[in-house]
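Data first, discussion second: the structure below is written as structure tokens.
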Amino acid sequence: MKLSEVKQILSALENVEFQLENGTFVPEHFHVTEVGIIRKSFIDCGGVMRDEKVVNFQLWNADDFEHRLKPGKLLNIIKLSEEKLGIEDSEIEVEYQNETIGKYDLEFNGKTFVLKNKVTACLAQDACGIPSQKQKLNLSELNTGSSGCSPNSGCC
Numbered sequence: 047m048k049l050s051e052v053k054q055i056l057s058a059l060e061n062v063e064f065q066l067e068n069g070t071f072v073p074e075h076f077h078v079t080e081v082g083i084i085r086k087s088f089i090d091c092g093g094v095m096r097d098e099k100v101v102n103f104q105l106w107n108a109d110d111f112e113h114r115l116k117p118g119k120l121l122n123i124i125k126l127s128e129e130k131l132g133i134e135d136s137e138i139e140v141e142y143q144n145e146t147i148g149k150y151d152l153e154f155n156g157k158t159f160v161l162k163n164k165v166t167a168c169l170a171q172d173a174c175g176i177p178s179q180k181q182k183l184n185l186s187e188l189n190t191g192s193s194g195c196s197p198n199s200g201c202c
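Given below as structure tokens:
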């Protein structure tokens with residue numbers, strides 16, 4: 047989800063709610079402690095130089111159980127970050143501490159923002175020797191036809 051989408055959604059919400067992909071809600075007294083830009087320059091396993099840039103939101107829970115972040119307040123934080131940091135309309139990555147600090151993609155389900163689990167992947171599969179996955183078929187799905195082998199045909 048891009049920053050522009052988050053801003054559009056926030057402008058129509060009464061409350062800001064986040065939940066993990068497993069359905070667990072981020073406690074409603076969370077804080078957004080950071081809005082920033084994360085840049086990553088790296089070489090993939092195929093030797094290709096890559097650059098990534100995401101807008102980062104960091105969520106944090108404190109012991110101030112009366113705290114509630116309203117959409118307008120988060121929009122103001124985003125606006126200030128855009129002005130001071132020159133943030134562009136990039137994809138959002140959310141940091142949130144569960145057992146450890148996790149990084150999540152962001153989606154919206156019509157009511158709440160959903161922290162989607164990120165996964166690692168090889169960006170250069172053609173260059174690092176990973177074989178392509180073979181198509182998996184059930185034997186019952188194979189078309190034996192008239193030239194194929196069938197039970198009691200004597201071909202085996």
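Position one of the sequence shown corresponds to residue 47 (our numbering), numbered consecutively onward. For glycine and all other residues, C-beta sits at the position ideal for the given N, C-alpha and C. Since this is a predicted model, take the numbers as computed values, not measurements.
| For H113: DSSP bridge partner residues | Answer by DSSP bridge pairing: none, since H113 is not bridged.
Buried versus exposed call for S127 [16 or more other C-beta atoms within 10 Å across all chains shown]: buried
Among the residues of its own chain, which have a CB less than 8 angstroms from the CB of R43, if the five just before and after it don't count? Any answer about residue 43 is impossible in this case: the structure gives the chain only from 47 up to 202.
* Sort M47, K53, K48 by Cα distance to N122 and report the nearest one. => K53
Checklist entry - Do you know offhand how far C174's Cα is from E137's? => result 28 angstroms
| message | From the DSSP secondary-structure annotation, give me the bridge partner or partners of G148. | response | Y142
| task | Could you give the DSSP three-state label for G118: helix, strand or coil? | result | Looking at G118 - three-state DSSP - the assignment turns out to be helix.
Closer than 8 angstroms is the cut-off here; do at least three beta carbon pairs connect the segment 155-165 with the segment 75-84?
no
Can you grab the Cα-Cα spacing for the pair I55 / D135, in whole Å? 14 angstroms
Using the beta-carbon count (16 or more within 10 Å), is L152 buried or exposed?
buried
- prompt: Between E63 and R96, what straight-line distance do the alpha-carbon atoms span, to the nearest angstrom?
  reply: Straight-line Cα distance between these residues: approximately 33 angstroms.
| Using the rule of at least 16 other Cβ atoms within 10 Å of the residue's Cβ for burial, across every protein chain shown, is F103 buried or exposed? | buried
**Prompt:** With distances taken from CA atoms, which of L185, A167, D172, V72 is nearest A108?
**Reply:** Comparing alpha carbon positions, the residue from L185, A167, D172, V72 closest to A108 is V72.
Check: For I89, which of helix, strand or coil comes out of DSSP?
Finding: Three-state result, I89: strand.
Thinking C-alpha only, which one of I124, L120, I83 is nearest L59? L120
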